[in-house]
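Structure first, then comments.
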Amino acid sequence: MDTVTSKDGTAIVYDKTGAGPPLVLVTGAFGYRRFPGQTFVVGLMRLMPGVWRVLKGLAHALPYDAALLDGFMAGRPLSTSAWRTVTMPTLVLGGTHSPASLRHAAEELARVLPNARRVSKKELGRTKKLDAAVIAAELTALYSP
1252 MDTVTSKDGT
1262 AIVYDKTGAG
1272 PPLVLVTGAF
1282 GYRRFPGQTF
1292 VVGLMRLMPG
1302 VWRVLKGLAH
1312 ALPYDAALLD
1322 GFMAGRPLST
1332 SAWRTVTMPT
1342 LVLGGTHSPA
1352 SLRHAAEELA
1362 RVLPNARRVS
1372 KKELGRTKKL
1382 DAAVIAAELT
1392 ALYSP
């Protein structure tokens, strides 16, 4: 792997794959090494220009996402003391087919929240159309006396 240094001094590691004009993907969403973004990102950009415009509009928030999640998606435990004051009933809802990092993050959040209930459903996940009825049933159960 090669590296370059950005203007602010951040080291950036990159790979060169394939042939043709270069495509540089620098985002948390499409930059994960196991996620083969380079195989379809250009096609998606052409097929869905409206979506690409929205994603570009959100790009400024990615550094904040990265700062908030730093280490936690990789398994760093959450601080119990930072979360113990959140005493309201909390539903931590996720999908059984979500990426392992998201499932682990949800489990860790449910562990540190004093009044949390962890629910994992097959009908939910980042790659599935969300089933509103499943979510509604869980929220109804949470808020029912």
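In the numbering used here, the protein residues as written are 1252 to 1396. For every residue, glycine included, the Cβ atom is placed at its ideal position computed from N, Cα and C.
DSSP three-state call for residue i: helix, strand or coil?
i	result
A1367	strand
L1344	strand
V1264	strand
K1307	helix
A1392	helix
T1331	helix
D1253	strand
Leaving out five residues before and five after residue i in sequence, what residues of the same chain have Cβ atoms less than 7 Å from its Cβ?
i	result
K1307	none
If you draw a straight line from the alpha carbon of residue i to that of residue j, how long is it in whole angstroms?
i	j	result
V1293	I1263	22 Å
R1369	K1258	42 Å
D1253	D1266	6 Å
L1313	P1300	20 Å
W1303	D1316	19 Å
Beta-carbon within less than 8 Å of residue i's beta-carbon, same chain only, minus the 5 sequence neighbours each way: which residues are those?
i	result
L1390	L1342
I1386	L1344 and L1375
Closer than 6 Å by C-beta to residue i: which residues in its own chain qualify, once you throw out the five before and the five after it? Chain order, please.
i	result
V1363	L1329, T1331 and W1334
D1382	E1374
S1371	G1345 and T1347
Report yes or no: do three or more beta-carbon pairs, one from the stretch 1333–1346 and one from the stretch 1355–1369, lie closer than 8 Å?
yes
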